[in-house]
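Following: one structure in C-alpha cells, then a few remarks.
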Amino acid sequence: MSIDQKRAARRHTLGLLFAAGVMAAGGAQAQSAAKQEVRIGYQKYGTLTLLKGRGTLEQRLASRNVTVKWTEFPAGPQLLEGLNVGSVDFGTVGEAPPIFAQAAGANLVYVGNEPPSPGSEAIVVPKDSRLRSLADLKGKKVVLNKGSNVHYLLVKALEKAGLGYKDIDVVYLPPADARAAFERGSVDAWAIWDPFLAAAEKQLNARVLADGKGLVANHQFYLASRPYAEKNSDIVRIVLEEIAKVDEWGAKNPKEVAQILSAQIGLEVDVVALAASRYSYGVKPITSEVLEQQQKVADAFSNLKLIPKPIVVKDAQLPAKQLAAQ
Numbered sequence: 006m007s008i009d010q011k012r013a014a015r016r017h018t019l020g021l022l023f024a025a026g027v028m029a030a031g032g033a034q035a036q037s038a039a040k041q042e043v044r045i046g047y048q049k050y051g052t053l054t055l056l057k058g059r060g061t062l063e064q065r066l067a068s069r070n071v072t073v074k075w076t077e078f079p080a081g082p083q084l085l086e087g088l089n090v091g092s093v094d095f096g097t098v099g100e101a102p103p104i105f106a107q108a109a110g111a112n113l114v115y116v117g118n119e120p121p122s123p124g125s126e127a128i129v130v131p132k133d134s135r136l137r138s139l140a141d142l143k144g145k146k147v148v149l150n151k152g153s154n155v156h157y158l159l160v161k162a163l164e165k166a167g168l169g170y171k172d173i174d175v176v177y178l179p180p181a182d183a184r185a186a187f188e189r190g191s192v193d194a195w196a197i198w199d200p201f202l203a204a205a206e207k208q209l210n211a212r213v214l215a216d217g218k219g220l221v222a223n224h225q226f227y228l229a230s231r232p233y234a235e236k237n238s239d240i241v242r243i244v245l246e247e248i249a250k251v252d253e254w255g256a257k258n259p260k261e262v263a264q265i266l267s268a269q270i271g272l273e274v275d276v277v278a279l280a281a282s283r284y285s286y287g288v289k290p291i292t293s294e295v296l297e298q299q300q301k302v303a304d305a306f307s308n309l310k311l312i313p314k315p316i317v318v319k320d321a322q323l324p325a326k327q328l329a330a331q
C-alpha cells in the first residue's frame, strides 16, 4: 500500500470514528430528552391519587417526551420537605403544611386548590370514650401529625371550646404511629384526615368528636417548587388541566373512584368509598380570597409560636398569567 493510500485509509477511519461520535452524542441527547420528567408527590387521598391510578397524565405528556415519577408521602409536611430539598416538583397538601414550609424558607408556590372539604378531617375518640364534647379535651392527650391540615383544625376546635393550646397535651406522630397510639389507648383523641379518618371509623369504630364543619375550610392545595413552576409553567398547566378532567370524571363516578383508590392505597373499598364521599371536586386557580384564608391560618400558628416567624402567604403565589395557555 502506497503512502497516499495509507493516508486515505487513515482519513476514512477517522471520518468513521467522528461520525460514530456524532451519532453517539446525538443518541445521548435524544435519550436525555426522553428522560425529562415531572416528579409528583402524593398522599393516600385526593385527586392526585386518582390521577395516578387512571394514567391519563402520562398519556398527555408522552408527546412531549415527559415522563411522570410518583412518590408517596405519609403526610403533607413530609411531602413539602421533599419539594423543598428538590426530590419532587409538584404535590398536594392541606391548609397547614404550606404555612410551616413557607415559614421554614421553602421556595414553593401555590398553583391551584380544590373546594373546601371540612368533613374530610375530624377529631376522633374511641367508641367507649367518656369524652363527649370539645371542652372535655382539657388535660387530655391529642395525637396528630405536626404541621398537617388537622393541626389547624385542633387550634380552631379548642378555640370554639374556650380552651387554649396549652390546655391539652399534644402528641406529634405521623398517621401510622398515631393510629397505633390511638388503638393501644396511650392517647385520648386523634386529629386525622381521610382516608385514615374513614379507616378509623370503619375498622376501629372510632367516634367523631368534631369534624371541620363550621371550624375550617380544609382546602386541598396544589403546590410546586418555584424554580420548577417558573421554568416549566406549561407542564404545571397541563397537570392542572388533567386534574380538572379527573375531578369532573370523579364527581360523576363515585363507585369507580372507590375501586381505583382502593387499589392505589391498599384500603378496603368500603373505607375508601366513605372517604371519597366527602371529597370536594373542582380544581380552581388560586384567588386572593383563598390566600386571605391561608393568611388567617398562618397568623394563628404565628400567634401560638408554632412557626418560627410571621409570614406573608401571598409571597408564595405564582402569577396566574404564568399558567395561562400559550
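Quick note on numbering: this note's numbering labels position 199 of the sequence shown as 204, and the sequence is numbered without any gaps.
Note that beta-carbon positions come from the ideal geometry of N, C-alpha and C, so glycine has one too.
Residue environment: Thr76 is assigned as exposed (fewer than 16 neighbouring CB atoms within 10 Å of its CB, all protein chains considered).
If one requires a minimum length of 4 residues, the alpha helix (DSSP H) runs lying completely within the stretch 193-242 are 201-209, 231-236, in chain order. In the displayed model, Tyr284 falls within coil according to three-state DSSP, outside both helix and strand. Here Leu296 is not near Lys314, since their CB atoms are 9 angstroms or more apart. Within the model, the alpha-carbon separation for Lys49 versus Pro79 is close to 7 angstroms. Take the alpha-carbon of Lys218 and the one of Ala106: they are about 25 angstroms apart.
Rounded to the nearest angstrom, the gap between the Cα atoms of Gly167 and Arg135 is 19 angstroms. Assignment of Ala111 by DSSP, reduced to helix, strand and coil, places it in the coil class. If you compare the alpha carbons of Leu309, Asn308, Phe95, Lys165 with that of Val244, the shortest gap goes to Phe95. A check of alpha carbon separations from Ala196 across Arg189, Leu311, Leu178, Pro259 identifies Leu178 as the nearest.
For Gln41, the uninterrupted beta strand (DSSP E) segment begins and ends at 41-47. Counting the other Cβ atoms within 10 Å of the Cβ of Glu253 gives fewer than 16, which makes it exposed. DSSP places Gly96 outside any alpha helix (DSSP H); the residue lies instead in the beta strand (DSSP E), whose first and last residues are 95-98. Excluding sequence positions up to five before and after Leu209, its CB lies within less than 7 angstroms of the CB of Glu188, all in the same chain and listed in chain order. At a Cβ-Cβ threshold of 9 angstroms, Ile316 and Ala303 count as neighbours. For Ala183, the closest of Trp198, Ile173, Asp172 by C-alpha to C-alpha distance is Trp198.
For Ile265, no beta strand (DSSP E) run applies; the uninterrupted alpha helix (DSSP H) run containing it begins and ends at 259-270, by DSSP.
One Cα belongs to Leu159, the other to Leu220, and the distance between them is close to 9 angstroms. At a Cβ-Cβ threshold of 9 angstroms, Leu328 and Arg231 do not count as neighbours.
DSSP, reduced to helix, strand and coil, places Asn118 within a strand of the structure shown. Remark: C-beta atoms of Gly117 and Tyr47 do not approach each other more closely than 9 angstroms.
Beta-bridge annotation (DSSP): Val160 is not paired with any residue.
Around Val148, the same chain offers Val176, Leu178, Ala183, Ala186, Val192, Trp195 as residues with beta carbons nearer than 6 angstroms, after the five sequence neighbours per side are excluded.
A contact is defined here as three or more CB-CB pairs under 8 angstroms, and the stretch 232-239 fails this definition with respect to the stretch 57-65.
Scanning the stretch 286-328 for uninterrupted alpha helix (DSSP H) segments of 4 residues or longer gives 293-308, listed from N- to C-terminal end.
Pairing Ser153 with Ala280 gives a Cβ-Cβ distance that is not under 9 angstroms. If you look at Glu273, you'll find it isn't in any beta strand (DSSP E); DSSP assigns it neither H nor E.
When DSSP reads this structure, Thr61 sits in no beta bridge, so it has no partner.
The beta-carbon distance between Leu85 and Leu113, rounded to whole angstroms, is 7 angstroms. This is short enough to meet the 8 angstroms contact definition. Ranked by how close their Cα comes to the Cα of Leu266, the residues Pro200, Ser285, Ser92 have Pro200 in first place. Distances from the alpha-carbon of Asn308 to those of Val129, Ser92, Pro259, Lys161 put Lys161 closest. Cβ atoms of Tyr157 and Gln322 stay farther apart than 8 angstroms, at about 19 angstroms. Counting along the chain, Leu168 sits inside no beta strand (DSSP E), nor does DSSP assign it H or E at all. For the 9 angstroms CB-CB criterion, Asn223 and Glu100 form a contact.
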